[in-house]
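Asks:
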Amino acid sequence: MWKNSSLRCLLALAILCLRSLIYSQEIGSLGDPQNLKCVTHNLQKMLCTWDVSSRGRRGQTDFCYTTNDLTPQVCFKTKERRVEIPIPESSITVTIKSSGTATKEFVIHQKDISFVPITPHILSLMPDFPTSTLNLKWSDNGSVFPYGLDALWQIQILRKEPMEVVTQVTYYSKLTHEDVILSWNWTSDMPLECTSHYVKIRCYINATQFVGSKDWSDWSPTEVIPGKDTEPGESGVFPLDPVVAVGSDLTFCCVHEEDQRITNMTYGSKSYTMMQLSSRSHAIRVLNANVSNSSGTNVVCRLENAWEGSVVFVGYAPDTPQNLSCETPNFLIIKCTWKPGRPSGLYGERRTKYSLFERTSGRNVSCEVSGLNKDHVCDFPVLPAQKTYDFILGVSNPIGQAKSSLLVDITQRVHPKTPEKLTVTENNSTSIQLRWFINGSFAEIRLLCQLEISSSHSERKLNVSTPGRKSSTYTAQVNELHPHTKYQFRVRCSDADHFWRWSDWSRGVEQTTSEAPPARGPDIWRERSPSGENVIVFWKPLSPSESNGIIVSHEVSCYLLDMLLEHKVVLEPSNSTEIKLGKSDCVISVVARNNAGSSPPSRITSVELPSDNVTTDQAVAVGNGINISWDSYPNMTCGYIVKWCHSSGSEPCSVDWQKFPSNTTSVVIKSALFKPGVRYNFSLYGCKSMGYQLLKNVTGYMKELPPKTAPNFIVEETSSDSILVKWEDIPIEECRGFFKRISSFLCKGEKDALKPRLSESGNPELKVNNITDLTKKSMKILDLQGKTSYQLELQAYTAGGLSPPNSLYVVTKEDSVGLIIAILIPVAVVVLLGVLASIFCYRKREWIKETFYPEIPNPENSKALQFQRNICEGNKTLKTLEMNPCTPNSVEVVETQSTAPKIEDTEMMSPAAETTVPEDGSESEMENHVVVSYCPPIIEEEISNPPTDEPGGSSQVVYIDIQSMYQPQIKPEEEPEIDLVTTAGYKPQMQLSISALKIEGHSPVEEELDKTAGYRPQANTNAWNMGTPDSPGSVESNNENASFGSPCSINSRQFLLPPKDDEDSPKPINTAWSFTHFFQNKPND
Amino acid sequence: MAAADSPSAALRRRDLCSRGIRLAGKMRADVVDLLDAYVEQQGLDASASVAAVEGVPLAAVERWDEQTGTQRLLENLAAYRAFRALLAQMLEEQREQLGEADAGLGRALAAVLLQVSAFAYHLEELLRLESRGIPGEEEDGPPPPPRLSRFEQKLRGLGVLRELAHWAVRSERQLAKPSPASGAAPGLAESP
């Protein structure tokens, strides 16, 4: 145990001694070699350096090293303080002895060695200004290393003043035991011209087996690409005319002279903020550039006294060609087409360029394309003995490139050229031969050609297959053409074995075939003339497809048992002829003839079999034709014929017909000539072997329309409560449909009144009568009022509607019984009142006498007395007991010859008295008047107007007979004389113009009298109300008024202030009841 | 002035001058229109300052009132010959740069080129009438211009058209204005 402890102590001591020894190797004593450091650059040798004191720096140094005890020590002398020795596998012992110093021994382990690669050197730095790209080249010095290693290269780019690191990238490479030139490209976001760019590089080798420390190499010497701002006198905007993709971020710089100042920099029309790169260079940055216009976008640098600029073209990389297709039109060239896709936005020398490369042959063709948006085409030559072509269409522009490929067998992509030189040769009227030429070498294929044969009414295509030849003419025959028809021919061709596409149609050529005899005989019909002596033969023109030419004539023959009775040649365009046949019959034959010959004959017999019970039906078109149906007639063995007649007004009837087979029982007759509202008469004939038999008639309309007119009618009889109306038939051409009914509308109405149609008036008193029995031609309308004006309208109805009305006015006669009653009742009432009044006066005569005629008259009762007297004298109207405070100032002495006046209604209401001035009678009485009092007692007579609508309503007129205080009497039958004034007695102050009171008949004589008249009252007598209902003495009273004249006259006050409304009345409205009116018709009656 | 002695020559000169005035007027109007279209199509500013372009003759020559008619004719002829070459070059550049795009501008440019050629020929006719020799055109033509950037081409085109417009005005006036020497004949046609 102790022994072990001693050993341990000895061992520890030895270790301490050894450590101190080592330490002495490194540090040593002052003046000894020290700080031995070893660095390797190639992992094979290392460079060891040490420090020595100044004393030891002179003279040679003995340097020895040994890697282990087995190898001999290597010694050599050196004057430097560095030696290169191999790198030991584990450690190396070095002894260094400088002159004048002690020998120093170092032990160097591998871990103490540093690995620093050799500083790389840039072999070249090349700028590419258009792309702003730097290309850096350097050698990796791989040959110096004993084995392959991973190397990292750090590259730094700097620019601006002072320099700023723009980017620092690490580049990875493998060292392969040989020197390799490495290359690295860097594209600057700023044009290289804008300012100087600096590049340096260093290296780090990742030697994993090396246990010592590893470090980056030193930076290589800086290489520089000088900018334009370093070149004296250089200026401009950079990059110069670049072409960039849409959406790019762009940097433009303006290099200028040192002493120049930039005003601004614009891109397009927009000004951008500048950043200074150097004292002579400024830059702007444009983000997300838009597509420029065709002339590019200007980048302008505005200096104080000049403009610098560049034009940038912003566009798209070429789109991938679409729908690439290749075909051969002639086996000489291959034509490839494609759609270019999106436009690049670049033009001119920057446009998209195309090239066609064929991989099998390795042949490349540059394509010249034109047009901006059309399909692009490129031709490639057909190569001998090559059927399959592997095309690559390359597309490129300054921004990018694209391609599209196609593998094609051209024998299956034949699109022949358009056939040329098409000609037609006629063989006969139904056959022609076509010839055409196709340019191309089609010897290896068969051609399928399509012939189009079209005429105005038909079109068909005919396929012809023929062996292909080299630039040859091809022929084809076309049959089954129609004679005398204008045809148009054209042709196109394709590959018969592998159809790809038809060629374009050739130019069309026209050919009219020659004529041939008509294909069939015309469709014929016959009719007996109205006299029955002749037969009219009709035929229909043949259609162009049947006539085979221009029909020049028809030959009509008439045979009786093979014996020709008559033969006629009828030239076109007649379609009928008349044959004199008498009462006999024959077989009629019609042949159509053109320049090429005659048609087969059409035959028809003239025999018309008798028929009975022929009915006439009515029919209206349903749809576009008129339907005619009939019962089946089994004995009609050869069908039916429907015949009708087209007639338009005055033109003669044009016969038309249609034939139908025997089993037909219903047909629809259609014709473009049918017009709505026109009546057509159809006749159905049955065909028997013996002849034709009329079976039925049908009257029809294509469409019913409203009748053009209403029936003309008259009022044949008129009574006080009924009228008898008679009307006539409407002409057929004006019916325009089948009559359904006739309607009459009756309503009270004056002739002059403007009224709407009665049928539309909605008048509740409208009387409507509908006559559906169209055989009736008259109608009696009852329950009318007598002496009344009625408006009567008649209208006719069809299914198409209502005719316009036909109207007239009629006035019913008077009802005489009612008239008599109307006269008698008032007369009886008056008489009765008179009798009662007389009885009353007679019974009360004593009282009346006492009251009104006392023995001793009481002056105060004088007016009452007067009143009493009026009553007793039977004045027709009751006078008010008005006691006017007027004292008589004179006494009127009247010598009257007339009896007490008896006023009759007839006189009062006489229209003659209203409208005319009495000419005599009244004047005779006036002559006897002696006026002795100017202001007599006033008796006012109120006369109410009859209840009328007259605007004047009622007026109050005072009539006074100064002499008798009675109304003067005028007999109604007396005609007043015109010469009223001249025959009148004295009239104070004036003669009133009589004419002023007249309505009509103002004669010149009267005018002259007016001129000579004296004083005029202060009123316009012309404006006086003539319509005032007055008594028979009204005219006379007017004259009386005229005689007084003064406005203060109580008699004339009514007329001095005539009602205004009456002035507007052009003539008096006679509303009074007049006896004569009972016998007076309306003026329009 | 031999030609001036002959009445027919005077008539011919008057006819040539009046046609020349019309031609210059039409050319001026067309160049002004072309200038507007050119500025718009090239994205330029109408106020763009264009330095004197090499080879483009300047219309604003001092004291041209003092020049004789023949001198003016010769100067005009030299100018329009230069314009003819410059416009042809512009047209070629236009085709290169734009291809089929903006064909309208190319057509207008070609039309003005035609008018310039016609006017140059017209001037030669006037000179012949003056019995003056017509200076020959350089056979090799002017030396090819240095390769210009696209922007420089645009500016040069602008300068050419502006100056051509000025020349058209000058020519029109000089043809119309009476010569200070003669007072009757058009200024351009006046011989010393």
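Same order as they appear, the protein sequences are chains A and B.
Under our numbering, read the first sequence as residues 1 to 1085, first letter to last.
Under our numbering, read the second sequence as residues 1 to 192, first letter to last.
Quick reminder that beta carbons are idealized off the backbone N, C-alpha and C, glycines included.
By a C-beta neighbour count over all protein chains shown, 10 Å radius and 16 as the cutoff for buried, is residue 205 of chain A buried or exposed?
Replies: buried
Asks: Going along the region 322-355 of chain A in order, which residues come within less than 7 Å of chain B, judged by CB to CB distance?
Replies: Within the region 322-355 of chain A, the residues whose Cβ lies closer than 7 Å to some Cβ of chain B are 347, 348, 349, 351, listed in chain order.
Asks: Suppose you measure from the CA of residue 51 of chain A to the CA of residue 235 of chain A; what does that come to, to the nearest Å?
Replies: 56 Å
Asks: Tell me which residues share the same chain as residue 279 of chain A and place their Cβ nearer than 8 Å to its Cβ, disregarding the 5 neighbours each side in the sequence.
Replies: 161, 229, 258
Asks: Between B:8, B:16, B:6, B:7, which has its C-alpha nearest residue 127 of chain B's C-alpha?
Replies: B:16
Asks: I need the straight-line Cα distance from residue 34 of chain A to residue 147 of chain A, nearest angstrom please.
Replies: 33 Å
Asks: With residue 196 of chain A and residue 225 of chain A assumed to form a contact (beta carbons below 8 Å), what rounded beta-carbon distance in angstroms separates them?
Replies: 6 Å
Asks: Could you give the first and the last residue of the continuous beta strand (DSSP E) run that contains residue 186 of chain A?
Replies: 181-187
Asks: For the alpha helix (DSSP H) that contains residue 524 of chain A, what are its first and last residues?
Replies: Element bounds for residue 524 of chain A: not the alpha helix (DSSP H) but the beta strand (DSSP E), 524-528.
Asks: Taking only the alpha-carbon atoms, compute the straight-line gap between residue 51 of chain B and residue 305 of chain A and give it to the nearest angstrom.
Replies: 9 Å
Asks: Per DSSP, which one or two residues make a beta bridge with residue 307 of chain A?
Replies: As DSSP reads the structure, residue 307 of chain A sits in a beta bridge with A:302.
Asks: Please state whether DSSP places residue 32 of chain B in a helix, a strand or coil.
Replies: Per DSSP, reduced to three states, the secondary structure at residue 32 of chain B is helical.
Asks: Between B:27, B:18, B:158, B:162, which lies nearest to residue 117 of chain B when the distance is taken from Cα to Cα?
Replies: The option with the nearest alpha carbon to residue 117 of chain B is B:27.
Asks: For the alpha helix (DSSP H) that residue 114 of chain B lies in, which residues bound it at each end?
Replies: Residues 103-129.
Asks: Roughly how many whole angstroms lie between the Cα atoms of residue 777 of chain A and residue 564 of chain A?
Replies: 55 Å
Asks: Return the CA-CA distance between residue 12 of chain B and residue 420 of chain A, expressed in angstroms with no decimal places.
Replies: 56 Å
Asks: Using 10 angstroms around the beta-carbon of residue 88 of chain A, count the other beta-carbons present and answer buried if the total reaches 16, otherwise exposed.
Replies: By the 16-neighbour rule on beta-carbons within 10 angstroms, residue 88 of chain A is buried.
Asks: Can you tell me where the alpha helix (DSSP H) with residue 479 of chain A in it begins and where it stops?
Replies: No alpha helix (DSSP H) holds residue 479 of chain A; DSSP gives it neither H nor E.
Asks: Should residue 676 of chain A and residue 802 of chain A be called a contact, given that it needs their Cβ atoms to be closer than 7 Å?
Replies: no
Asks: DSSP three-state call for residue 376 of chain A: helix, strand or coil?
Replies: strand
Asks: One question on the structure: do residue 99 of chain B and residue 347 of chain A come within less than 7 Å of each other, judged by their Cβ atoms?
Replies: yes
Asks: Using a Cβ-Cβ cut-off of less than 7 Å, give me the residues of the region 69-90 of chain B that come near chain A, in sequence order.
Replies: If the cut-off is 7 Å between Cβ atoms, the region 69-90 of chain B has nothing near chain A.
Asks: Could you tell me which chain B residues have their CB closer than 8 Å to the CB of residue 1092 of chain A, listed as they occur along the chain?
Replies: Outside the displayed span of chain A (1 to 1085) sits residue 1092 of chain A, for which this structure offers no information.
Asks: In chain order, what residues of the same chain have a beta carbon less than 6 Å from the beta carbon of residue 767 of chain A, not counting five sequence neighbours either side?
Replies: 746
Asks: Taking the alpha-carbon of residue 1125 of chain A as reference, which of A:37, A:519, A:358, A:701 has the nearest alpha-carbon?
Replies: For chain A, the structure presents residues 1 to 1085; residue 1125 of chain A sits outside this window and is missing.
Asks: Is the beta carbon of residue 267 of chain A sitting closer than 7 Å to the one on residue 299 of chain A?
Replies: Closer than 7 Å, so yes.
Asks: Can you check DSSP and say which residues form a bridge with residue 779 of chain A?
Replies: A:725
Asks: May I have the straight-line CA-CA distance separating residue 404 of chain A from residue 392 of chain A, to the nearest angstrom?
Replies: 6 Å
Asks: So residue 306 of chain A contacts chain B; which residues on that side make the cut at Cβ distance below 8 Å?
Replies: 49, 51
Asks: Would you please verify whether the beta carbon of residue 34 of chain B is less than 7 Å from any beta carbon of chain A?
Replies: So, not an interface residue.
Asks: Is the CB of residue 99 of chain B under 7 Å away from at least one CB in chain A?
Replies: Closer than 7 Å to some Cβ of chain A, the Cβ of residue 99 of chain B qualifies, so yes.
Asks: In terms of residue numbering, what span does the alpha helix (DSSP H) encompassing residue 845 of chain A cover?
Replies: 845-852
Asks: Residue 109 of chain A bridges to which residues according to DSSP?
Replies: A:91
Asks: I need the boundaries of the alpha helix (DSSP H) containing residue 80 of chain B, first residue and last residue.
Replies: 69-98
Asks: Once DSSP output is grouped into helix, strand and coil, what is the label at residue 436 of chain A?
Replies: strand
Asks: Which complete beta strand (DSSP E) runs does the region 382-414 of chain A hold, if anything under 3 residues is left out?
Replies: 388-396, 401-409
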